[in-house]
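Q: full-length UniProt numbering puts the first residue of the sequence shown at 1, with every later residue one more than the last.
Mind having a look at this structure? Questions to follow.
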Amino acid sequence: MNGTRNWCTLVDVHPESQTAVYLKGRSGDKMTHEKNIDQLKSEVQYIQEARNCLQKLREDISSKLDRSPGDPLRQQEIQVVLEKPNGFSQSPMTLYSSPPEVDPSMSEDVESLKKTVQELLVKLREAERRHQSDRVAFEVTLSRYQREAEQSNVALQREEDRVEQKAAEIEELQ
1 MNGTRNWCTL VDVHPESQTA VYLKGRSGDK MTHEKNIDQL KSEVQYIQEA
51 RNCLQKLRED ISSKLDRSPG DPLRQQEIQV VLEKPNGFSQ SPMTLYSSPP
101 EVDPSMSEDV ESLKKTVQEL LVKLREAERR HQSDRVAFEV TLSRYQREAE
151 QSNVALQREE DRVEQKAAEI EELQ
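Set out below in structure tokens:
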């Protein structure tokens with residue numbers, strides 16, 4: 001319990017007679033924990049917004065391509081990344097038909113949308129990586145706090161037993 005020893009502290013009130021044990025939490029840990037939780041909530045909200053934006057872009061691309069009459073002989077492949085409920089997948093693709101003679105402004109719109117989707121996907125992946133790394137760090141911290149709490153409970157029980165034993169000895173002497 002080297003650097004985290006302040007999380008709980010044992011204090012001897014009267015070393016000769018009785019020993020009292022006090023547990024005190026570090027307010028800095030609580031504030032850091034709350035700050036980290038707020039940061040995670042913010043990142044989750046950011047990821048949800050990015051997913052919603054990607055979904056809207058998919059719908060826009062789909063509606064633009066569905067409005068144009070298609071030519072079955074020529075197809076243009078547009079990659080749309082499909083999400084899983086708790087992440088994303090890089091491999092699934094959906095094919096949309098596009099007419100052989102596409103309006104230049106529509107082609108530019110499609111390219112712009114594809115570029116925007118790719119940029120948002122990169123941001124989403126980075127946010128998910130940060131989220132996962134923060135989650136692992138929080139799990140490690142939580143595990144450490146649980147171990148320290150267990151150790152504190154054992155120490156508390158030991159001290160309570162010792163106090164009871166000393167109280168019994170005092171009663172015998174009286």
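Even for Gly, the Cβ is constructed at its ideal location relative to N, Cα and C.
Note that the coordinates shown come from a computational prediction; the quantities given were computed from them, not determined experimentally.
If you reduce the DSSP assignment to three classes, tell me which class residue 174 lands in.
A: Coil at residue 174, not helix or strand.
Q: Sort 40, 159, 120 by Cα distance to residue 55 and report the nearest one.
A: For the residues 40, 159, 120, the minimum Cα distance to residue 55 belongs to 120.
Q: Please name the residue, chosen from 161, 157, 63, that lies closest to residue 109 on a Cα-to-Cα basis.
A: Of the candidates 161, 157, 63, the one whose C-alpha sits nearest the C-alpha of residue 109 is 63.
Q: Is it buried or exposed for residue 37, if we count other Cβ within 10 angstroms and need 16 for buried?
A: With fewer than 16 other Cβ atoms within 10 Å, it is exposed.
Q: Report the option in 46, 34, 41, 30 whose CA atom is closest to the CA atom of residue 126.
A: Closest option to residue 126, Cα to Cα, is 46.
Q: Which one of 31, 53, 41 has the shortest CA to CA distance from residue 114?
A: Measuring from the Cα of residue 114, the nearest candidate turns out to be 53.
Q: Determine the direct distance from the alpha carbon of residue 58 to that of residue 131, and round the result to whole angstroms.
A: Rounded to whole angstroms, residue 131 to residue 58 spans 24 angstroms at the Cα level.
Q: So, at 8 angstroms on beta carbons, what are the nonlocal neighbours of residue 124 in its own chain, with the 5 sequence-adjacent residues on each side left out?
A: 47, 50, 51, 54, 88.
Q: Quick one, are the C-beta atoms of residue 40 and residue 134 less than 8 angstroms apart?
A: Yes. Within cutoff.
Q: Using a Cβ-Cβ cut-off of 8 angstroms (strictly less than) and excluding sequence neighbours within five positions of residue 43, which residues of its own chain qualify?
A: Excluding positions up to five away in sequence, the list reads 127, 130, 131, 134.
Q: Between the C-alpha atoms of residue 1 and residue 166, what's the straight-line distance to the nearest angstrom?
A: Because residue 1 carries a pLDDT of 42, less than 50, the predicted location of this residue cannot be relied on, and no value is offered for it.
Q: Take residue 91 and list the residues in its own chain whose beta-carbon comes closer than 8 angstroms to its own, dropping the five residues that flank it on each side.
A: Because the pLDDT at residue 91 is just 44, under 50, the model does not fix this residue reliably, and the point stays unresolved.
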